[in-house]
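What follows is a set of notes on a single structure, which appears directly below.
Residue numbers (the working numbering): 5 to 440.
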């Protein structure tokens, strides 16, 4: 058992409180105990409060199944849903095993960090140019995988449990996948590690959502006057050039193959394909969409013009939230703005249509874009946050990653006040599409 004493108490607000120097577990002590007690997986934590807290790490499916009731009671988002988490752990080839940190108080579970141990390449890019990337063992905390009673002290103890896993040599790096940077988990992940192990490349990015309020009346009425005009114009142009636009929805497992085929027809021509991001017809994505369809989550929309697929929007609808996963359009139809046309029609159906449970929110997903800023009603700042292990190889990887990020910032700043930046982006996208 790896023990550490803590004298902190629950705090209010967003004031980070680091551990006292005497509270830290030495690296030698951790390694010694890991070598001689590999089967023991509990880190006990003493506090000044009556109920003791301890962190336990779950590494197997039976251990996780024993926590199913508490896990589901936390109402996790899609990526942290228990069934989805286990499914992804089974089908992703890079996943070695689960790595779930559970905080117990007085013997009862109170909070979770939902993670997987993966062997992956840590991506490095200089602009759009990919660089040789090191392979690392990563504890990947999934998006939204911080569940339960996340008080200040609970968040602090969970992050320290994550740091202890790294110090014990279980992984080279831990990654918290795009938390809200104002939340306790993200703040402690940035402030508790040493300078050498901290992430110096955090880049805040807006996460945008649109609230769908039935009491506000029809969806189109909630748009600006200019947006309504532009949508009517798009529809007129499409009808005059191609006849009646057809939008089909794919929700059933038996419809996944056709959805994959038609979406691939569009995606293979998009600039995202040249960047190796976004949708592609792979076994992993096919199985994932089929899994979502079997649970009634899948919402796949494809726009057809003269029978040809020209745009698609694929997401999951769960607990009243439509989460955008893949969006793309055929660049040959750019002047008709088929992607924006499809999105507004879909959101109108989600808002006004009676054929499904009420939809209260459209989540535009990770990453920002001008169309998201136009359509969103609120946003917050988020970013992936990494924590590196205190080992030479990991610290060196962190230094390399920080250097590349600094070079990217310098180049972007140098181009920001010139007309070249947007021109370079357009030319690069055109180049990668032609290369495909």
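Even for Gly, the Cβ is constructed at its ideal location relative to N, Cα and C.
Here the structure is a predicted model, which is why all the values come from computation and not from measurement.
Give me, in chain order, the residues of the same chain whose beta-carbon lies closer than 6 angstroms to that of residue 461; leave out the 5 immediate sequence neighbours on both sides. The question about residue 461 has no answer here: the residues shown for the chain are numbered 5 through 440.
Once the 5 residues before and after residue 137 are set aside, which same chain residues still bring their CB inside 8 angstroms of it? Working through the chain shown from its first residue, we reach residue 137 at position 133. Answer for residue 137: 125, 126, 127 and 128, listed in chain order.
Helix, strand or coil for residue 390, going by three-state DSSP, please let me know. Here residue 390 refers to the residue found at position 386 when the chain shown is read from its first residue. Note: residue 390 maps to strand in three-state DSSP.
At 3 residues or longer, and completely inside the region 232–293: list those beta strand (DSSP E) runs for me, N to C. As far as the region 232–293 is concerned, its whole beta strand (DSSP E) runs of at least 3 residues are 250–254.
Between the C-alpha atoms of residue 62 and residue 249, what's the straight-line distance to the nearest angstrom? The residue given as residue 62 occupies position 58 in the chain shown. The residue given as residue 249 occupies position 245 in the chain shown. Residue 62 and residue 249 have their C-alpha atoms spaced approximately 51 angstroms apart.
Quick check: what's the CA-CA separation for residue 251 versus residue 334? Translated into the one-based positions of the chain shown, residue 251 becomes position 247. Translated into the one-based positions of the chain shown, residue 334 becomes position 330. If you take the alpha carbons of residue 251 and residue 334, they lie about 15 angstroms apart.
Would you tell me roughly how many angstroms separate the C-alpha atoms of residue 261 and residue 407, rounded to the nearest one? As a working note, residue 261 is residue 257 in the chain shown. As a working note, residue 407 is residue 403 in the chain shown. Inter-residue distance for residue 261 and residue 407 is about 43 angstroms (C-alpha atoms, whole angstroms).
Thinking C-beta only, is residue 324 closer than 8 angstroms to residue 453? The structure shown does not extend to residue 453, since the chain spans only 5 to 440, so no value can be given for it.
Where residue 233 falls, given that 16 or more other Cβ within 10 Å makes a residue buried: On the chain shown, position 229 is the one that residue 233 refers to. Residue 233 is exposed by the Cβ-count criterion.
Boundaries (first-last residue) of the beta strand (DSSP E) holding residue 120: For the purposes of this step, residue 120 is taken as the residue at position 116 of the chain shown. Where residue 120 is concerned, the enclosing beta strand (DSSP E) stretches over 112–125.
For the 8 angstroms Cβ check, are there 3 or more pairs between the region 168–179 and the region 384–397? yes
Closest to residue 121 by C-alpha separation, out of 338, 142, 385 and 110, would be which residue? Indexing the chain shown from 1 puts residue 121 at position 117. Of 338, 142, 385 and 110, the residue nearest in Cα terms is 142.
Just to confirm the assignment, what range does the beta strand (DSSP E) spanning residue 80 have? Counting from one through the chain shown, the residue named residue 80 turns up at place 76. Taken as a continuous stretch (DSSP letters only), residue 80 belongs to no beta strand (DSSP E), as it is neither H nor E.
With 16 other CB atoms within 10 Å as the buried threshold, where does residue 191 fall? Residue numbering aside, residue 191 sits at position 187 when the chain shown is read from its first letter. Its Cβ being crowded by 16 or more others within 10 Å, residue 191 is buried.
Just checking, does the region 344–358 make contact with the region 220–228 on the three C-beta pairs under 8 angstroms criterion? yes
If we count the other Cβ atoms within 10 Å of its Cβ and call it buried at 16 or more, is residue 133 buried or exposed? For the purposes of this step, residue 133 is identified with residue 129 of the chain shown, where counting begins at 1. By the 10 Å Cβ count, residue 133 comes out exposed.
In its own chain, which residues sit with a C-beta less than 7 angstroms from the C-beta of residue 114, not counting the 5 before and 5 after it? To locate residue 114, count along the chain shown from 1; it is residue 110. Around residue 114: 107, 108, 152, 153 and 158.
Distance, residue 367 Cα to residue 210 Cα: As a position in the chain shown, residue 210 is number 206, starting the count at 1. As a position in the chain shown, residue 367 is number 363, starting the count at 1. Each residue's alpha carbon lies about 12 angstroms from the other.
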